[in-house]
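Trainee: Residue 0 is where the sequence shown starts when you use numbering that gives the first Met the number 0, and the numbers rise one by one after that. First, the structure itself, so that you have it in front of you.
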Amino acid sequence: MSVDEKTVRRIAHLARIAVTDEEVPHLQGELNAILSFVEQLNEVNVEGVEPMTSVTPMVMKKRQDGVTDGGYPEKIVQNAPATEDNFFLVPKVVE
Numbered sequence: 000m001s002v003d004e005k006t007v008r009r010i011a012h013l014a015r016i017a018v019t020d021e022e023v024p025h026l027q028g029e030l031n032a033i034l035s036f037v038e039q040l041n042e043v044n045v046e047g048v049e050p051m052t053s054v055t056p057m058v059m060k061k062r063q064d065g066v067t068d069g070g071y072p073e074k075i076v077q078n079a080p081a082t083e084d085n086f087f088l089v090p091k092v093v094e
């Protein structure tokens, strides 16, 4: 797969990057080099390889999921600039 100038300009537009006409050929070469490297990865035999999220075997620490009411609403809202009945008051942002 290769990238043409039109695609480079579109990628730059989507990324909100200002690209001059002189920079387009260089970026085109860079993107094509990246894509050719990714295509090389398709040649690697990964049959029988388990997907992993880390290079070291790890087990996530889990805790029991318990629902509570908190039990101290006064402490939660004590630093709020405005409250009413232990709820935060915020300015209206939508008309």
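Beta carbons: idealized from backbone N, C-alpha and C, even for Gly.
1) Here's the rule: buried if 16 or more other CB atoms are within 10 angstroms of the residue's CB, otherwise exposed. What is V7?
2) For Y71, which of D84, A11, K61 has the nearest alpha-carbon?
3) For E94, which beta-bridge partners are listed by DSSP?
4) Does the region 34-53 come close enough to the region 0-20 to have 3 or more Cβ pairs within less than 8 Å?
5) Reducing DSSP to helix, strand and coil, say where E29 ends up.
6) Determine the direct distance from the alpha carbon of G28 to that of A11, and round the result to whole angstroms.
Mentor: This is what the structure gives:
1) Reading the sequence shown from its first residue, position 8 is the one you call residue 7. Result: buried.
2) Within the sequence shown, numbered from 1, the residue matching residue 71 stands at position 72. It is D84.
3) In the sequence shown, counting from the first residue as 1, residue 94 sits at position 95. DSSP output for E94 lists no bridge partner at all.
4) yes
5) Walking along the sequence shown from the start, residue 29 turns up at place 30. Three-state DSSP puts E29 in a helix.
6) Indexing the sequence shown from 1 puts residue 11 at position 12. Indexing the sequence shown from 1 puts residue 28 at position 29. Just so you know, the alpha carbons of A11 and G28 end up roughly 14 Å apart.
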